[in-house]
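A.B. asks: Last residue of the sequence shown? That's 900 in the working numbering, and every number before it is there in order.
C-beta: ideal position from N, C-alpha, C; glycine also.
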Amino acid sequence: MKTAAILLATLSLGCAAASAAAAASEHLTDVAYLQANRCRGLAAGLGVSDTGPLDSLIKTEGRSRLEMIYARGQQEQERGKREASNEDSRQRLTAELNGPSCQAFLSGAKDVSATAR
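(1) For a minimum of 4 consecutive residues, which ranges assigned as the alpha helix (DSSP H) are wholly contained in the segment 805-835?
(2) Assign Glu-879 to one of two classes, buried (16 or more other C-beta atoms within 10 Å of its C-beta) or exposed (fewer than that).
(3) Whole angstroms are fine: how far does the CA of Gln-874 sit from the CA of Ala-887?
(4) For Arg-862 and Ser-884, I'd like the C-alpha separation in whole angstroms.
(5) Rounded to the nearest angstrom, what separates Leu-825 and His-810 at their Cα positions?
(6) For Gly-908, count neighbouring C-beta atoms within 10 Å of its own C-beta (all shown protein chains included) and say buried if the count is 16 or more, exposed if not.
(7) Quick one: Cα of Glu-850 to Cα of Val-814, how far?
(8) Could you tell me whether the Cβ atoms of Leu-876 and Pro-836 are closer together than 8 Å?
(9) Three-state secondary structure (DSSP) at Gly-856?
(10) If you draw a straight line from the C-alpha of Leu-817 to the C-alpha of Arg-848, how long is it?
(11) Between the alpha carbons of Ala-805 and Ala-819, how many angstroms are there, rounded?
(12) Do Arg-821 and Glu-870 count as a contact pair if the criterion is CB distance below 8 Å?
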């Protein structure tokens, strides 16, 4: 259990670092697009009601994705919702949703659209 928590923390920091490093572009990379979709699924599963900026970002960015990436984004949303419904993981997923990656997407900051390309 402790190893899983450490692995998740390391993975989260890696995603945040990758996001910050690629902030010079105007579009999300496929990885950032998938992360945004996961955040949307977590938000839905955890009952966050104000996801307007994130919804808009996903809609806009989804238009330029390959069908395979778009479909994977939908899967990530569903997986996030499903995981959030598990009481045992709600605390961990709430921390992920409140982490820097998801909060950047939820805030609608201008540099979020350049988070990782």
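C.D. replies: On the basis of the supplied data:
(1) 813-829
(2) buried
(3) 20 Å
(4) 17 Å
(5) 22 Å
(6) Residue 908 lies beyond the residue range present for the chain, which begins at 784 and ends at 900; the question has no answer from this structure.
(7) 14 Å
(8) no
(9) helix
(10) 11 Å
(11) Caution is warranted here: a pLDDT of 43 is assigned to Ala-805, below 50, making its placement in the model unreliable, and the coordinate value is therefore given only provisionally. Each residue's alpha carbon lies about 15 Å from the other.
(12) no
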